[in-house]
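Under our numbering, the residue at position 64 of the sequence shown is numbered 75, and the numbers go up by one with no gaps.
For glycine and all other residues, C-beta sits at the position ideal for the given N, C-alpha and C.
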Amino acid sequence: MFMDEGFSISDSEEGMKEEDEDEEPYKRLKHIYLKSDCGLCNQPMGPNQWTLALIGNPEGTKLVKCTKKFQYPGTRQTIRVRGILPLCQRNECGRCSKSPPSITIHASCYRVFMKEYRQKSAMERIWVASCWKFPWLHDPVQLTPRLSLNNTAKAFIQNVAESMSSSEAKIESYPLASIKSWQRGLPVVCDKGESKEFVLRLTVDGDGLNKIEKLESWPEYSQVRSNAFAYLFVLPSQAEDSHIDFKFGRAFLRKSLRFGFGEFWDTPTPLKNGLSMFATPFNRYGAVRFRTVDLCNITGLTFFYFRGYMMGIHAHTADSPTATSTLDEISAIDPKYLIWAYVPISSKDSLVRIGVRDSLDLCLLPAFKKPTVLISTKLAGDFVLGPDYKYAMKEYLSAKDPSVFVYNVPYNRYHSMYGAVNDNKGDEPLAPFPRTYATGGCPPYRGRIYSQAPAKDIVHVDVYYEEATGYCRGLLLEYANGAQMALGQCRVGIDPFKSFDKPNWLCYAYSSNGKTFNRIGQCKIECSTGSDTHDHDQSGMFYHWACTPLEGTLEFACDHRMAGLQSYVDIEE
């Protein structure tokens, strides 16, 4: 349909002739990265759905080629469509790293758009509406981060076609530093003179750049957060040599090397003073979207893990007692696969520090892909939870009394970054956080999360369990000094729990196959407040109970399906 620079018909024909991916001629070909979401409806591409791939020029400003329709592959295989280079969706493919910009769209979405917009420039408008949803071309293309923004307008394809129907088709380009203000669909306003001191705030929504504002200085902090918008702040030194293109009422950034990676925020007024990104990877791969968690007046934190990756953090407050609102934001993963790791902070306690430990091997550079969380409170002391503690030794901690925690969700399971805001300049050295090693009672689940707590001085226990089966999910412990700690998954406000006041014994039984006597991977937990002699129901799969006095250390390991508790006494005791 279209052909332009950077595309060779001979290369395409050669690619069609090659059937063996391991042959040398095929290895010399470039790939075109095949995206996994539809550029028009934003929904995932399903296996075998009829699909079109659109390919642009190297700058991403115009459409070059549109493929014939093909069925989207159900696996990450490389596919060939006649007349085009191989289409690939492997995240770590070196041949895709220099891929020209491309988008995928459902064939049905294409038909809807074309029905609403019948003019000759329809394909150009589809390209701009889809490709420009991320504010610039990301390098490498496979690691373009998901901003995961709620689309408040529910961008129906008909609305997209209508909104672009009357906009100017000619592309206009301006230096980024010259922009005074702009809003999608409206004319751009430029500065008449040069401003030496300014901050550009770029607002991004599900359709790409939505607004540009030139501020005189960094905005004053306020506790405003948004799941529908992301905010990018550009200083004069970053804006230098960068340009911005306008077409069909949309905007697209052509950033220079001075611009940097690009850091998006979930607030229009992020704190600048006192921010310390204490855990950053050795290598960065591109832009990130930072989430902020206000740590003031919280009653606890829930960390959502998926196979060791941290996918979200919820701050429990009086106004937000359950973590369901944060769960709703993690739309890319089925909730049944998430682990809810809860850290309570009682009304008598306060957060002292927060940090992470990289859980991967010492021989690797820190990437914080699967972080172990380090929490220190005034009464509970140091608390550790995470996927693995055996290897990494270095701890990355905030200064004392942090007020805001900053993190990003890794895209395609690449690096994470962590930081905190605090006003406390003093930073006296602290003892290392405790280390945990899996005992024989904790099965090696994939993506398991470990947590530990002392058994001494426990005055109250809430046993959270799965309502349908009665299997234990986690324990919420309260101590004589007013501190609280949690083990496993305490899904506060979601799962039922059974309370035990002033317990003397902690009793647990694993489910077992009555014929093979093999553990199945679930457990039930009860507490006894009576004498040394007490009985349990020995029927069914839970017929062998272990009863231990409340002393020593409790260790809990769990994944999204199974859980295990182990109690042991330290040698020093």
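Under the rule that 16 or more other beta-carbon atoms within 10 Å means buried, what is residue i, buried or exposed?
| i | result |
| --- | --- |
| Thr-602 | Given a span of 12 to 584 for the chain in the structure shown, any question on residue 602 remains unanswerable. |
| Gly-481 | exposed |
| Arg-269 | exposed |
| Phe-234 | The amino acid at residue 234 is misidentified as Phe; the sequence shows Gln. Exposed. |
| Arg-502 | buried |
| Asn-59 | exposed |
| Glu-70 | exposed |
| Lys-405 | exposed |
| Ala-431 | buried |
| Lys-38 | At Lys-38, the pLDDT of 41 sits below 50, so the modelled position is not reliable; the number obtained from the coordinates is stated separately. By the 10 Å Cβ count, Lys-38 comes out exposed. |
| Pro-514 | buried |
| Phe-567 | buried |
| Ser-409 | buried |
| Thr-527 | Because the pLDDT at Thr-527 is just 42, under 50, the model does not fix this residue reliably, and the point stays unresolved. |
| Gly-451 | Low confidence applies here, because Gly-451 scores a pLDDT of 43, under 50, leaving its location unreliable and the question unanswered by this model. |
| Leu-7 | Since the first and last residues shown for the chain are 12 and 584, residue 7 lies out of range. |
| Val-200 | exposed |
| Trp-61 | exposed |
| His-571 | buried |
| Asn-170 | exposed |
| Asp-473 | buried |
| Ser-342 | exposed |
| Thr-328 | exposed |
| Ala-180 | exposed |
| Pro-346 | exposed |
| Ser-427 | buried |
Comparing alpha-carbon positions, which option in the options lies nearest residue i?
| i | options | result |
| --- | --- | --- |
| Pro-281 | Thr-291, Phe-301 and Pro-292 | Phe-301 |
| Gly-458 | Pro-355, Lys-535, Leu-349 and Gly-493 | Leu-349 |
| Asp-506 | Gly-85, Gly-485, Lys-46 and Arg-195 | Gly-485 |
| Ile-356 | Thr-335, Arg-368, Pro-377 and Ala-391 | Ala-391 |
| Gly-217 | Cys-52, Gly-493, Glu-478 and Tyr-407 | Cys-52 |
| Ala-140 | Pro-156, Gln-153, Ser-159 and Ser-113 | Ser-113 |
| Lys-41 | Gly-67, Ser-108 and His-426 | Ser-108 |
| Trp-276 | Cys-534, Asn-238, Gln-130 and Trp-193 | Asn-238 |
| Thr-310 | Asn-221, Glu-231 and Thr-333 | Thr-333 |
| Asn-433 | Ser-287, Arg-106 and Ala-497 | Ser-287 |
| Trp-556 | Lys-380, Leu-576 and Val-354 | Leu-576 |
| Gly-105 | Thr-86, Pro-151, Gln-130 and Gly-85 | Pro-151 |
| Met-321 | Lys-381, Phe-263 and Asp-345 | Lys-381 |
| Ser-228 | Gly-50, Tyr-422, Phe-209 and Phe-240 | Phe-209 |
| Val-304 | Ile-168, Asp-48, Thr-89 and Ser-331 | Ser-331 |
| Glu-173 | Glu-127, Lys-222, Pro-84 and Pro-346 | Glu-127 |
| Ile-460 | Lys-80, Val-123 and Pro-398 | Pro-398 |
| Lys-509 | Ala-491, Tyr-490, Ala-250 and Glu-477 | Glu-477 |
| Met-2 | Lys-76, Thr-72, Thr-78 and Gln-82 | Since the first residue of the chain shown is 12 and the last is 584, residue 2 is not available in this structure. |
| Asn-492 | Ile-536, Leu-565, Ser-361 and Tyr-429 | Ser-361 |
| Ala-72 | Lys-258, Glu-251, Tyr-232 and Ile-90 | The sequence shown places Thr at residue 72, rather than the Ala named in the question. Comparing Cα positions, the closest option is Lys-258. |
| Gln-153 | Gly-366, Arg-364, Tyr-407 and Ser-110 | Ser-110 |
| Cys-142 | Pro-84, Arg-87, Gly-67 and Arg-129 | Gly-67 |
| Leu-561 | His-545, Lys-46 and Ser-578 | Ser-578 |
Would you grab the beta carbon distance between residue i and residue j for me? Rounded to a whole angstrom, and I think it's under 8 Å.
| i | j | result |
| --- | --- | --- |
| Lys-266 | Ser-253 | 5 Å |
| Gln-500 | Tyr-521 | Not confirmed; about 17 Å, so no contact. |
| Trp-351 | Thr-313 | 5 Å |
| Arg-195 | Gly-260 | 6 Å |
| Leu-74 | Leu-63 | Not quite, the Cβ-Cβ distance comes to about 11 Å (not below 8 Å), so this is no contact. |
| Ala-466 | Gly-563 | 5 Å |
| Met-291 | Phe-315 | The sequence given here places Thr at residue 291; Met does not occur at that position. With a Cβ gap of about 22 Å, Thr-291 and Phe-315 do not count as contacting. |
| Cys-483 | Cys-538 | Not confirmed; about 11 Å, so no contact. |
| Gln-463 | Val-395 | 7 Å |
| Ala-298 | Pro-156 | 5 Å |
| Ile-469 | Leu-488 | 5 Å |
| Met-125 | Ala-118 | With 8 Å as the limit, Met-125 and Ala-118 do not qualify as a contact, their Cβ atoms being about 11 Å apart. |
| Leu-376 | Phe-293 | 4 Å |
| Cys-99 | Tyr-44 | 6 Å |
Count the CB pairs spanning the segment 180-187 and the segment 140-147 that are closer than 8 Å, and state whether there are at least three. With a cut-off of 8 Å, the segment 140-147 and the segment 180-187 do not count as touching, because too few Cβ pairs lie within range.
Taking 8 Å as the threshold, find out whether the segment 266-284 comes into contact with the segment 239-254 through three or more Cβ pairs. Taking a cut-off of 8 Å on C-beta distances, the segment 266-284 touches the segment 239-254, as three or more cross pairs fall below it.
Every unbroken beta strand (DSSP E) inside the segment 457-540 [3 residues or more]: At a cut-off of 3 residues, the continuous stretches assigned as beta strand (DSSP E) that sit fully inside the segment 457-540 are 460-465, 469-476, 483-490, 495-499, 508-512, 516-523 and 530-539.
Jot down the residue ranges of each uninterrupted beta strand (DSSP E) in the segment 93-181, minimum 3 residues, whole runs only, in chain order. Considered as a whole, the segment 93-181 harbours 113-117 as its complete beta strand (DSSP E) runs of no fewer than 3 residues, in chain order.
What ranges does the beta strand (DSSP E) occupy inside the segment 221-256, keeping only unbroken runs of at least 3 residues that lie completely in it? Counting only runs of 3 or more, we get 241-245.
Inside the segment 295-333 only - beta strand (DSSP E) runs reaching at least 3 residues: Whole beta strand (DSSP E) segments, 3+ residues: 299-305, 311-317 and 320-327.
Complete runs of the beta strand (DSSP E) confined to the segment 66-97 [at least 3 residues]: For the beta strand (DSSP E) assignment, the uninterrupted runs of no fewer than 3 residues enclosed by the segment 66-97 are, from N- to C-terminal side, 74-77.
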